[in-house]
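Novice: I have a structure here, written as structure tokens, and I will follow up with some questions on it.
There are 2 protein chains.
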Amino acid sequence: MSSDPMAGNRFVVQYYETLTTSGVRLFLARHDALVVRLGGESGQWDVQEVSDGNLNLVFLVHGPAGSVCVKQSLPHVRVDPNWQMPLDRTEFEAAWLRRVAQIEPERVPVFLLFDSDMFVLVMECLDNFVTLRQAVGNGGDAVEPSRVIAEFVARTAFFSSFLARKLEDVMPDLSFFAKNTTLTRITFDLVLSDPFRPHCRNHWLKELDRDVAELQNDEAVLLAVAYLQQRFLASPQALLHGDLHSGSIMVRGDDVRVIDGEFSLYGPIGFDCGLYLAHLVLAWAAAPSAPRRAHIVDAIDIFWAEFRKAFLALWQAEVPGGDLCSRATFSVYPSLLRLEQEQYLDSVFSDMVGFAAAEIIRRIIGYAQVTDFDWLQTTSEKAERQRDALVFAANLLRKAPQSPEEVSARLRI
Amino acid sequence: MSSDPMAGNRFVVQYYETLTTSGVRLFLARHDALVVRLGGESGQWDVQEVSDGNLNLVFLVHGPAGSVCVKQSLPHVRVDPNWQMPLDRTEFEAAWLRRVAQIEPERVPVFLLFDSDMFVLVMECLDNFVTLRQAVGNGGDAVEPSRVIAEFVARTAFFSSFLARKLEDVMPDLSFFAKNTTLTRITFDLVLSDPFRPHCRNHWLKELDRDVAELQNDEAVLLAVAYLQQRFLASPQALLHGDLHSGSIMVRGDDVRVIDGEFSLYGPIGFDCGLYLAHLVLAWAAAPSAPRRAHIVDAIDIFWAEFRKAFLALWQAEVPGGDLCSRATFSVYPSLLRLEQEQYLDSVFSDMVGFAAAEIIRRIIGYAQVTDFDWLQTTSEKAERQRDALVFAANLLRKAPQSPEEVSARLRI
Ligand SMILES: Nc1ncnc2c1ncn2[C@@H]1O[C@H](COP(=O)(O)OP(=O)(O)OP(=O)(O)O)[C@@H](O)[C@H]1O
Ligand SMILES: Nc1ncnc2c1ncn2[C@@H]1O[C@H](COP(=O)(O)OP(=O)(O)OP(=O)(O)O)[C@@H](O)[C@H]1O
Ligand SMILES: [Mg+2]
Ligand SMILES: [Mg+2]
Numbered sequence: 001m002s003s004d005p006m007a008g009n010r011f012v013v014q015y016y017e018t019l020t021t022s023g024v025r026l027f028l029a030r031h032d033a034l035v036v037r038l039g040g041e042s043g044q045w046d047v048q049e050v051s052d053g054n055l056n057l058v059f060l061v062h063g064p065a066g067s068v069c070v071k072q073s074l075p076h077v078r079v080d081p082n083w084q085m086p087l088d089r090t091e092f093e094a095a096w097l098r099r100v101a102q103i104e105p106e107r108v109p110v111f112l113l114f115d116s117d118m119f120v121l122v123m124e125c126l127d128n129f130v131t132l133r134q135a136v137g138n139g140g141d142a143v144e145p146s147r148v149i150a151e152f153v154a155r156t157a158f159f160s161s162f163l164a165r166k167l168e169d170v171m172p173d174l175s176f177f178a179k180n181t182t183l184t185r186i187t188f189d190l191v192l193s194d195p196f197r198p199h200c201r202n203h204w205l206k207e208l209d210r211d212v213a214e215l216q217n218d219e220a221v222l223l224a225v226a227y228l229q230q231r232f233l234a235s236p237q238a239l240l241h242g243d244l245h246s247g248s249i250m251v252r253g254d255d256v257r258v259i260d261g262e263f264s265l266y267g268p269i270g271f272d273c274g275l276y277l278a279h280l281v282l283a284w285a286a287a288p289s290a291p292r293r294a295h296i297v298d299a300i301d302i303f304w305a306e307f308r309k310a311f312l313a314l315w316q317a318e319v320p321g322g323d324l325c326s327r328a329t330f331s332v333y334p335s336l337l338r339l340e341q342e343q344y345l346d347s348v349f350s351d352m353v354g355f356a357a358a359e360i361i362r363r364i365i366g367y368a369q370v371t372d373f374d375w376l377q378t379t380s381e382k383a384e385r386q387r388d389a390l391v392f393a394a395n396l397l398r399k400a401p402q403s404p405e406e407v408s409a410r411l412r413i
Numbered sequence: 414m415s416s417d418p419m420a421g422n423r424f425v426v427q428y429y430e431t432l433t434t435s436g437v438r439l440f441l442a443r444h445d446a447l448v449v450r451l452g453g454e455s456g457q458w459d460v461q462e463v464s465d466g467n468l469n470l471v472f473l474v475h476g477p478a479g480s481v482c483v484k485q486s487l488p489h490v491r492v493d494p495n496w497q498m499p500l501d502r503t504e505f506e507a508a509w510l511r512r513v514a515q516i517e518p519e520r521v522p523v524f525l526l527f528d529s530d531m532f533v534l535v536m537e538c539l540d541n542f543v544t545l546r547q548a549v550g551n552g553g554d555a556v557e558p559s560r561v562i563a564e565f566v567a568r569t570a571f572f573s574s575f576l577a578r579k580l581e582d583v584m585p586d587l588s589f590f591a592k593n594t595t596l597t598r599i600t601f602d603l604v605l606s607d608p609f610r611p612h613c614r615n616h617w618l619k620e621l622d623r624d625v626a627e628l629q630n631d632e633a634v635l636l637a638v639a640y641l642q643q644r645f646l647a648s649p650q651a652l653l654h655g656d657l658h659s660g661s662i663m664v665r666g667d668d669v670r671v672i673d674g675e676f677s678l679y680g681p682i683g684f685d686c687g688l689y690l691a692h693l694v695l696a697w698a699a700a701p702s703a704p705r706r707a708h709i710v711d712a713i714d715i716f717w718a719e720f721r722k723a724f725l726a727l728w729q730a731e732v733p734g735g736d737l738c739s740r741a742t743f744s745v746y747p748s749l750l751r752l753e754q755e756q757y758l759d760s761v762f763s764d765m766v767g768f769a770a771a772e773i774i775r776r777i778i779g780y781a782q783v784t785d786f787d788w789l790q791t792t793s794e795k796a797e798r799q800r801d802a803l804v805f806a807a808n809l810l811r812k813a814p815q816s817p818e819e820v821s822a823r824l825r826i
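So, in structure tokens, the structure goes:
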């Protein structure tokens, strides 16, 4: 047996217990609004555990009138009970959900309840949605969702940033999310550290041995990563989702929702952009045909173009009101405003490219990998595709592309 | 009469009252440790009000056995009772003092007490010290204090940064100091905004009218300032003093102390460096003779050289232990470490230069000006000297110097 899973937890765990399907029923029955939403008696509710992520328990509950999704943190990593972890991550997810709902209510599940004793978050159940990863993996459209996510990132970033808000409004949020150290640590270690050195959590196909050795000994790569580490920890431009891969996005037709904001933090806007971009690149590398690859490259082009357009449109609007926009409202200096915007977006672009590279790499050689390559029959096929992604990513770090066209040109080879 | 000075104060002001000399006596008498330190009876204590800053009340108290300094926030700006202000700034000063005392105990007054009801900070009284501004203005040495302050900034910055500490240790402090919004607002407005646009708080000698108009309409200057605003708000590299001018430094012989950390925040290290540099430049512009000017340029050279040396020495040390240093400890990559360090220090240097420029400008045309030029007899003499500083500063923003040698070359003309 491993040691007490609650050991080291800095929270009052007096009332905490891990939910089971019957525990979910009892929990929900205590909240009138949820009972009304579900309808009928608790005995009539259908409770399914669907946890498929690494960290938490997730239940979907259906009653005669409606449904809810129940998410609870565990005192350890779900897929590794020996890896202990504080419980407060649902609190940050709940806070993220409520803030983002004020900006993009149609792009997130409706927030219903957060219980700080049980570390339980209850939200709208997204019935008949699938993750974007599944949709794209099954040949679905990648372009329209990328357009939607681009606008989502632009809007949530802009409206939580110093561009749209006074420092008196930003700082309390920045201060709050700075406490999300458990999951910030995970990102720092798993995305920006471990993959770039020998570490027991790394693993990869043996066919990639040489690529990995090269990568981990390339000073240009390591210098770029050191810089990304600084950007990640010390560039709080906006409230980020923090884990915006295609498994954190659910789609049903043209309805696109972002879930799982437990990694949220104030950080560089290019981090969210970069994670999204990385998973498009992974889908590109795993795609079954040339036209399918081309389709995903289109999605990549659209993503940045749309992000840029949406972000600039918000910044251009008459009175954004934030501290970093005051001068912009002076219509006396239109050319200055243009220069400021280019400077800002150039830096978001270069962050995006760098973080995308790190994310691609860690999803191929790090602890938590992606399922995109699973459909391939042989390891040598898999390794070949993964090498495509790995080489592309390493080259982003070795020689940063200067324009979005350069990014897609490198993929259209 | 102005409105209620407590209006808008977000703190419990139930127990708060503004101290008078007799109030100071009663306050101190309630604290045994302070009574012991002062010695004798409270009636024997000499209490002098010495407030000469813009914001707070300061009393020096002497008893038969020892002395203390008592600092209290007012619910308004001391020199402008109509400008209301929350009381919590002493709390941040107390927090700064305690953190810095762990790193540089010999460079700050000893922390004695903080009373959160009265917003009173009690610390060691620096008997027979004068401010560095006075010392240098009176022809005293500028070189040795600059060496000391360079090391002070290097050490406090390094040890509070992600270079020396794990993110789990930095984030709680970052989170706490992010709440110092009142004084962060003051800096943002008075240093980085108002002077660069027409604003009623600005004022200057009429001889400088043309220079000010030019400055406020120069797009290169305004673009540089927009970037500095971003750096200031969203680059929490280390715990800064936040107001490190020569009036926040006290000297007695070779004993140098830093006081008045109420503006403390997590920010770009170059901000503290830049403020210090700015006041050397102001002293240079106001200096009575060519050899005196040369002496101050020497101090400027020494300041950056010493800062750089001290900072690198800390980073080079075997096990700094911070998240941004992990790779550095790998002795396998000495050339990588060197590149990382250059990249980091280049950015501190360019921040320093930019913030120095903004600070010089605001001290000549903004709300709170410096006394350095007061000894000059005629306004035209003053204006000429101030123009020297103003032009130097504007040129720093127009065309950033690429090396410390370039900075001093521009001053040695
Ligand atoms: N609101 C919802 N409605 C319907 N299904 C949901 C909802 N939220 C989550 N799910 C399902 O539960 C799964 C796990 O959710 P989620 O990604 O939030 O969990 P996690 O433990 O935080 O995972 P990760 O390892 O990605 O952090 C999702 O892939 C999805 O299938
Ligand atoms: N510990 C101390 N010992 C002796 N004198 C002190 C001490 N602290 C402050 N003083 C004196 O009080 C004066 C004002 O102190 P300080 O600068 O901290 O006040 P302030 O109101 O915050 O000013 P500012 O406008 O610079 O913010 C100093 O210039 C110095 O002369
Ligand atoms: Mg998750
Ligand atoms: Mg002060």
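So the sequence lines, in the order shown, correspond to chains E and A.
The working numbering numbers the first residue of the first sequence as 1 and each following residue consecutively.
The working numbering numbers the first residue of the second sequence as 414 and each following residue consecutively.
Ideal Cβ placement from N, Cα and C applies to all residues, glycine included.
Nothing here was measured: the structure is a model prediction, and the numbers come from that model.
1) The stretch 161-184 of chain E: which residues have C-beta closer than 7 Å to a C-beta of chain A, in chain order?
2) How many Å lie between P814/A and V820/A at the Cα?
3) Per DSSP, what kind of secondary structure is G270/E in: helix, strand or coil?
4) Strictly under 9 Å for the Cβ-Cβ distance: is A827/A near chain E by that measure?
5) Tell me whether G40/E is buried or exposed, calling it buried when 16 or more other Cβ atoms sit within 10 Å of its Cβ.
6) Closest to W96/E by CA distance: which of H241/E, N202/E, Q229/E, T20/E is it?
7) Should D656/A be counted as a contact of ligand 4 given a C-beta to heavy atom distance under 8 Å?
8) When you compare the CB of T20/E with every CB in chain A, is at least one pair closer than 9 Å?
9) Along the beta strand (DSSP E) that carries N469/A, what are the first and last residues, could you check?
10) Could you tell me which residues DSSP pairs with C69/E in its beta bridges?
11) Once the 5 residues before and after R706/A are set aside, which same chain residues still bring their CB inside 7 Å of it?
12) Q497/A by DSSP, collapsed to three states: which one?
13) So the candidates are R210/E, Y227/E, A94/E, H76/E; which of them puts its Cα closest to the Cα of M352/E?
14) Please list the terminal residues of the continuous beta strand (DSSP E) segment that includes A577/A.
15) Does the beta carbon of M414/A come closer than 9 Å to any beta carbon on chain E?
16) Just to confirm the assignment, what range does the beta strand (DSSP E) spanning E91/E have?
17) Does chain E have any CB closer than 9 Å to the CB of D736/A?
18) By the 10 Å Cβ neighbour count, where 16 or more other Cβ atoms means buried, how is N106/E classified, buried or exposed?
19) Kindly indicate which three-state DSSP category L526/A falls into: helix, strand or coil?
20) In whole angstroms, what separates the C-alpha of K206/E from that of D372/E?
21) Using a Cβ cut-off of 9 Å (strictly closer), state whether Q497/A contacts chain E.
22) Please identify, using Cβ separations under 7 Å, the residues of the stretch 224-252 of chain E that lie next to chain A, in order along the chain.
23) If we define contact as Cβ-Cβ less than 9 Å, is E517/A a contact residue for chain E?
24) Can you tell me whether K382/E is buried or exposed? The criterion is at least 16 other CB atoms within 10 Å of its CB, across all chains shown.
25) Report buried or exposed for S415/A, applying the criterion of at least 16 other Cβ atoms within 10 angstroms of its Cβ.
26) Among F609/A, V669/A, P704/A, whose alpha-carbon lies nearest the alpha-carbon of A807/A?
27) Just checking, does the stretch 251-270 of chain E make contact with the stretch 87-102 of chain E on the three C-beta pairs under 8 Å criterion?
28) Cβ-heavy atom distance between E504/A and ligand 4 below 8 Å?
29) Does ligand 2 have even one heavy atom less than 8 Å from the beta-carbon of I672/A?
30) Checking 9 Å against the spacing of the C-beta atoms, do F355/E and G247/E come in under that value?
31) Go to R751/A, then tell me how far its alpha helix (DSSP H) extends in each direction, as first and last residue.
32) Using a Cβ distance threshold of 8 Å, determine whether the stretch 460-479 of chain A contacts the stretch 430-444 of chain A, with at least three qualifying pairs required.
33) Rounded to a whole number of angstroms, what is the C-alpha to C-alpha distance between R450/A and F542/A?
34) Whose C-alpha, out of S486/A, Q485/A, L636/A, H489/A, is nearest the C-alpha of Y414/E?
35) Taking only runs that begin and end inside the stretch 707-734 of chain A, name each unbroken alpha helix (DSSP H) of 4 or more residues, in chain order.
Specialist: Well, looking at it:
1) F162, L167, E168, M171, L174, S175, A178, K179, T181, T184
2) 6 Å
3) helix
4) Residue 827/A lies beyond the stretch modelled for chain A, which goes from 414 to 826, so this question has no answer here.
5) exposed
6) H241/E
7) yes
8) no
9) 469-475
10) L60/E, M123/E
11) W697, A700
12) strand
13) Y227/E
14) No beta strand (DSSP E) contains A577/A, which DSSP labels as neither H nor E.
15) Here M414/A scores only 33 on pLDDT, less than 50, and its place in the model is too uncertain to base an answer on.
16) Where E91/E is concerned, there is no enclosing beta strand (DSSP E), although the alpha helix (DSSP H) it sits in stretches over 89-103.
17) yes
18) Strictly speaking, residue 106/E in this sequence is Glu, with Asn absent from that position. By the neighbour-count rule (16 or more Cβ atoms within 10 Å), E106/E is not buried but exposed.
19) strand
20) 18 Å
21) no
22) A226, Y227, Q229, Q230, L233, A234, S235, P236, Q237
23) no
24) buried
25) Summary for S415/A: the model assigns pLDDT 40, below 50, so the residue's position carries little reliability; its value from the coordinates is reported in the next sentence. Exposed, because fewer than 16 other Cβ atoms sit within 10 Å of the Cβ of S415/A.
26) F609/A
27) yes
28) no
29) yes
30) no
31) 747-778
32) yes
33) 20 Å
34) Residue 414/E is absent from the structure shown; chain E starts at 1 and stops at 413.
35) none
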